[in-house]
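For reference, the structure is listed below as structure tokens.
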Amino acid sequence: MQLRIKNSVIESVREIVFGLEDSLVSTMGALTGIAIGTEDRSVIILSGLVILAVEATSMAAGSFLSTQTAELAEEKSNKTVERKSVKAAIVMVVSYFFGGIVPLAPYIFLKPSIAIFPSVFFTILALAGVGVWASRYTKRSFLRSAGEMVIISLAAAAIGYFVGWLVSHYFSVNTLL
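Numbering (the working numbering), first residue to last: 113 to 289.
Take a look at the structure:
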């Protein structure tokens, strides 16, 4: 049973890492920009939930279609292709959703001006964890893998912050910082 679970995880590493990383980075970057651009907690939470729903669905569809295309090119049976494609889509949507909860959660419990730091901080920790976990399967240095994930997240936060600040000033919207 443990070997079967381990093999299933190994088959799904790509979707797990891709879903978690993309969700953590894009959700955190978007929410940082939205939080900087507005003081309205309900707008931030609504935006976060819409981002998660739309992007998780899109990523799941992308995993389904790309897996189907790759598997059919290898001329496997339709039943095998369908099973792998559905599994890839499910793993992606679950990974994406759970990744996105990390940067969104602080905004549910804290005022936007306070939530920005924990959102970015916990996202960085989660990305470092994903990097360390992924290094077990990629045979890369866990420090390098975690470091790359963290650098990517900081870049996304900076872009989100800058765009939120710039647009809010351009449109004369009250900002948090």
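Ideal Cβ positions, reconstructed from N, Cα and C, are used throughout, including at glycine.
* **Beta-carbon spacing of Leu-132, Ser-207 below 8 Å** => yes
* Asked: Relative to the C-alpha of Val-205, which residue among Phe-221, Ala-168, Lys-191 is closest?
  -> Ala-168
* Asked: Taking contact to mean at least 3 C-beta pairs separated by less than 8 Å, is the segment 177-196 in contact with the segment 255-268?
  -> no
* Nearest-angstrom Cα separation, counted from Leu-222 out to Ser-138 -> 20 Å
* Should Thr-192 go down as buried or exposed, given a rule of 16 or more other Cβ atoms within 10 Å for buried? -> exposed
* To do: Evaluate the contact criterion for the segment 210-220 versus the segment 163-181: three or more CB pairs, one atom per stretch, below 8 Å.
  => yes
* Okay, do the segment 137-151 and the segment 255-275 touch, 3+ Cβ pairs below 8 Å being the bar? -> yes
* To do: Rounded to whole angstroms, what's the CA-CA distance from Gly-259 to Thr-179? Just pull it up for me.
  => 29 Å
* Tell me whether Phe-254 sits in a helix, a strand or coil according to DSSP, three-state version. => helix
* To do: Work out the CA separation of Glu-194 and Glu-239 for me, nearest whole Å.
  => Checking the sequence, you will find Leu at residue 239 rather than Glu. Going by the C-alpha atoms only, they are around 31 Å apart.
* **Contact belief for Ala-147 with Gly-276 at Cβ below 8 Å, rounded distance in angstroms** => 7 Å
* To do: May I ask you to check if the CB of Ser-197 is nearer than 7 Å to at least one heavy atom of the ligand SAH?
  => Among the components of this structure there are no ligands whatsoever, and the ligand SAH is therefore not found.
* Residue from Arg-126, Arg-153, Ser-135 with nearest C-alpha to Ala-227 -> Arg-153
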